Amino acid sequence: MELPKLNFQETFDFKFKKDKDKFFIYDLVRKTYLLLTPEEWVRQHWVHYYLTVKAYSPSALITEKKILLNGLTKRIDLLVTEKTEPIILIECKAPQIRLTEKTFEQTARYNSIIGAKEIILTNGLQHINAYYENGQYQFYKPE
């Protein structure tokens with residue numbers, strides 16, 4: 298199985314397993330193995346980043362949360378919370394997906410329901426970070 302090297306300074310200790318012809322990756326938040334898709338590969342990097350580098354508790358991370366948007370059920374990829382308040386909404390795309398204004402707008406629509414202070418749109422290779430202030434998004438480069 299050939300996985301792309303993603304744009305993270307850190308290397309993480311992932312657990313994998315193979316069943317028949319499918320590969321699975323262990324999710325530390327849900328405490329189960331999940332099908333290893335390109336999007337899941339990106340999400341698990343962010344999960345490990347927030348657990349190991351930022352030292353968040355697994356209970357502060359919410360994955361695949363259902364939301365209702367214009368009468369349609371959607372799922373957010375990853376939400377970082379502090380004292381149950383939404384802090385950072387992370388929308389993960391597969392590495393081959395280009396991040397465009399349209400994909401950012403999708404993330405912003407999700408956040409109109411969630412109300413996080415910050416959003417990150419990522420394909421694992423490129424990360425777009427924005428704070429929500431005064432009714433608009435301010436883009437920034439993390440340090």
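Just so we're on the same page, the numbering used here is the position in the sequence shown counted from 1, plus 297.
Every residue gets a Cβ at the ideal spot worked out from N, C-alpha and C, and that includes glycine.
Here the structure is a predicted model, which means the values were calculated and not measured.
Note on D324: 16 or more other CB atoms within 10 angstroms of its CB, so buried under the neighbour-count rule. The Cβ atoms of R327 and L366 do not sit closer than 8 Å to each other.
By the Cβ test, the stretch 358-376 is not in contact with the stretch 394-402, since fewer than three Cβ pairs between them sit closer than 8 Å.
In the displayed model, E307 falls within coil according to three-state DSSP, outside both helix and strand. A direct Cα-to-Cα measurement between H345 and Y437 gives close to 22 Å.
One alpha carbon belongs to Q341, the other to G432, and they sit about 31 Å apart.
One Cα belongs to E382, the other to E299, and the distance between them is close to 37 Å. Taking the Cβ atoms as the reference, I384 lies roughly 19 Å from K363, outside the contact range of under 8 Å.
Annotation note: the stretch 330-390 contains the following uninterrupted beta strand (DSSP E) runs of length 3 or greater, listed N- to C-terminal: 358-366, 369-379, 382-389.
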